[in-house]
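J.: The sequence shown runs contiguously to residue 376 in this note's numbering.
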Amino acid sequence: MRLSVLGAGAIGPAAAALAASRGHEAVLWSPSGRGTMGLDGRIAAEGALSGVFPLRVAQGLEEALASADAVLLAVPAYAFPALLPRIAQAMPAGLPLLIAPAASLAPLAFEALRAGLGPRAPVGALATTPLTARRLAPDRVRIPAIRAAVDVAAVPAAATPEIATLATALFGHACPAAPDVLQPALANANPIIHAALALTNATRIERGEAWPQYELMTEATCRLMSALEAERAALAAALGYVVPTLAEALHRASGVPQGRLAAMGAAIAASGRAVLGPAEMETRYVTEDVPYGLSFYLWLAAGRGVAMPRTAATVAVLEVLWGRDLRANPLLEALDAAGLPRLLREGIGR
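Shown next, in the form of structure tokens:
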């Protein structure tokens, strides 16, 4: 297939390399143009995927979408409010879009933008990205891990098998089918893991220190993760969903056996898959994973009788430490919380 990858940070080029390694043709587009500078027809990968793979650069969004069989949107969630309208206007009605990760019901926000088109291809929701990645140079990525499984759903919900088959064909991972796109929005472990690590390592981040993320999944930090996880699980249960545990998410990403979170962090570090935590305050661990993760949980919990005091406290403390509002989420403004079940099942204007 011809895959168009929208987003050229680390995940986009790495996902393009993974798709190319499986025989697909990959085209990469950078919304700002900066992410594709220095790319000259190929991308080199090392780590869990090793080799040099062909990668064509598209100069514009329309060029990226031309003749594509599928589209992967791989940008931080905070880019969605500005980028989704551009994609909605340019993308042909019959072209399926996969959003990874599908944070804060981004597929429904995209649906709302295309409600006037009538019949159209489904929108896919991936709970997280097909792999983890770091950009080492303009033409080189390091891929610490390729995920074994990623929860998947679609809008409309009946199209989930089609989207799961597409994602597996492109990236190779298993696709446990979710009832609808709200489950993948809740299933991503990053908001909990990253927020806890950012809070407990705020001074290291502020001072620009190099710190090993998995080695610093200490017992205390993991107690906070577990407390946030318990509240997320209660919210999911109240909404009728089951989400993977943090231990299962770490196992899917790294292959280390499930166990105590601190022990798993140490095992990941010892396996050679260790990565450094963020070293600047403008980190997606906070700017993405709190507004579009933890604060999204609080939005869902409001009015449903689900108490999330530790989640609310974590957001409040991070807001003080970072000196900014971490609750604003434009994706939710167009959505009716009371009407979610129908929207999740049927989509909007189909």
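Cβ coordinates follow ideal geometry from the N, Cα and C atoms, glycine included.
Counting only runs of 3+ residues fully inside the segment 189–247, write out the beta strand (DSSP E) ranges in chain order.
T.: Segments of the beta strand (DSSP E) lying fully in the segment 189–247: there are none.
J.: When you compare each of Thr247, Arg249, Ala203 and Val176 to asparagine 214 by their alpha carbons, which one comes out closest?
T.: On the sequence shown, position 188 is the one that residue 214 refers to. It is Val176.
J.: Out of Leu261, Ala328, Pro304 and Val207, which one is the CA nearest neighbour of leucine 134?
T.: Counted from its first residue, the sequence shown places residue 134 at position 108. The residue with the shortest Cα to Cα distance from leucine 134 is Val207.
J.: Can you tell me whether methionine 290 is buried or exposed? The criterion is at least 16 other CB atoms within 10 Å of its CB, across all chains shown.
T.: Position 264 of the sequence shown, counting from 1, holds the residue named residue 290. Classification for methionine 290: buried.
J.: Taking the runs of the alpha helix (DSSP H) that are 4 residues or longer, which of them lie wholly in the segment 293–362?
T.: Those alpha helix (DSSP H) runs which fall completely within the segment 293–362 and span 4+ residues are 310–313, 321–327 and 335–348.
J.: Can you tell me the Cβ-Cβ gap for glutamate 255 and threonine 271, rounded? I've got them flagged as a contact below 8 Å.
T.: For this step, residue 255 is matched to residue 229 along the sequence shown. For this step, residue 271 is matched to residue 245 along the sequence shown. Yes, they are in contact, since the Cβ atoms of glutamate 255 and threonine 271 sit about 7 Å apart, within 8 Å.
J.: Cα separation between arginine 146 and arginine 249?
T.: Here residue 146 corresponds to residue number 120 of the sequence shown, with the count starting at 1. Here residue 249 corresponds to residue number 223 of the sequence shown, with the count starting at 1. Roughly 45 Å between the two C-alpha positions.
J.: Could you work out which residue in Leu110, Leu366 and Ile218 is closest to valine 341 when comparing CA atoms only?
T.: On the sequence shown, residue 341 is found 315 positions in, with the first residue counted as 1. Cα-wise, what sits closest to valine 341 is Ile218.
J.: Applying the criterion that 16 or more other CB atoms from any shown protein chain within 10 Å of the CB defines a buried residue, is methionine 251 buried or exposed?
T.: Locating residue 251 in the sequence shown gives position 225, counting from the first residue. By the neighbour-count rule (16 or more Cβ atoms within 10 Å), methionine 251 is buried.
J.: By the DSSP assignment, the beta strand (DSSP E) with leucine 152 in it spans what residues?
T.: The count along the sequence shown starts at 1 and reaches residue 152 at position 126. It spans 149–152 - the beta strand (DSSP E) in which leucine 152 sits, taken as one unbroken run.
J.: Sorted by chain position, which residues of the same chain lie with C-beta nearer than 7 Å to arginine 299's C-beta, five sequence neighbours on each side aside?
T.: Along the sequence shown, one-based indexing puts residue 299 at 273. Excluding residues within five positions, the ones whose Cβ falls inside 7 Å are Pro170, Ala171 and Ser280.
J.: With a 10 Å radius around its C-beta and 16 neighbouring C-beta atoms as the bar for buried, classify valine 78 as buried or exposed.
T.: What you label residue 78 is simply residue 52 of the sequence shown in a count that begins at 1. With fewer than 16 Cβ atoms within 10 Å of its Cβ, valine 78 is classed as exposed.
J.: When you compare the segment 301–312 with the segment 229–236, are there three or more beta-carbon pairs, one atom per stretch, that lie closer than 8 Å?
T.: Short answer: they touch.
J.: Alpha carbon to alpha carbon, how far is valine 31 from leucine 152?
T.: In the sequence shown, the residue the question calls residue 31 occupies position 5. In the sequence shown, the residue the question calls residue 152 occupies position 126. Each residue's Cα considered, the two are about 14 Å apart.
J.: With a threshold of 6 Å on Cβ separation, who are the neighbours of tyrosine 240 within its own chain once the five nearest residues in sequence on each side are excluded?
T.: The residue given as residue 240 occupies position 214 in the sequence shown. Answer for tyrosine 240: Gly291, Ile294, Ala295 and Ala300, listed in chain order.
J.: Tell me, please, whether the segment 60–77 touches the segment 90–105 by the rule of three or more beta-carbon pairs shorter than 8 Å.
T.: Segments in contact, no.
J.: Could you tell me which of Val282, Met63 and Ala204 sits nearest to arginine 371, measuring between CA atoms?
T.: If you number the sequence shown from 1, residue 371 lands on position 345. With distances taken between Cα atoms, arginine 371 lies closest to Ala204.
J.: Looking at the unbroken alpha helix (DSSP H) that takes in glycine 38, where does it start and where does it end?
T.: As a first step, residue 38 must be located in the sequence shown, where it is residue number 12. That run of the alpha helix (DSSP H) goes 37–47.
J.: Just how far apart, CA to CA, sit alanine 222 and glycine 144?
T.: If you number the sequence shown from 1, residue 222 lands on position 196. If you number the sequence shown from 1, residue 144 lands on position 118. Cα to Cα, the separation comes out at about 42 Å.
J.: How would you call glutamine 85, buried or exposed, if buried means at least 16 neighbouring beta carbons within 10 angstroms?
T.: Here residue 85 refers to the residue found at position 59 of the sequence shown. By the neighbour-count rule (16 or more Cβ atoms within 10 Å), glutamine 85 is not buried but exposed.
J.: Please go through the same chain and pick out, in chain order, the residues whose beta-carbon is closer than 7 Å to the beta-carbon of methionine 334, but skip the five residues on each side of it.
T.: Against the sequence shown, residue 334 aligns to sequence position 308. Hits under 7 Å: Glu257, Leu261, Tyr323, Leu324 and Ala327.
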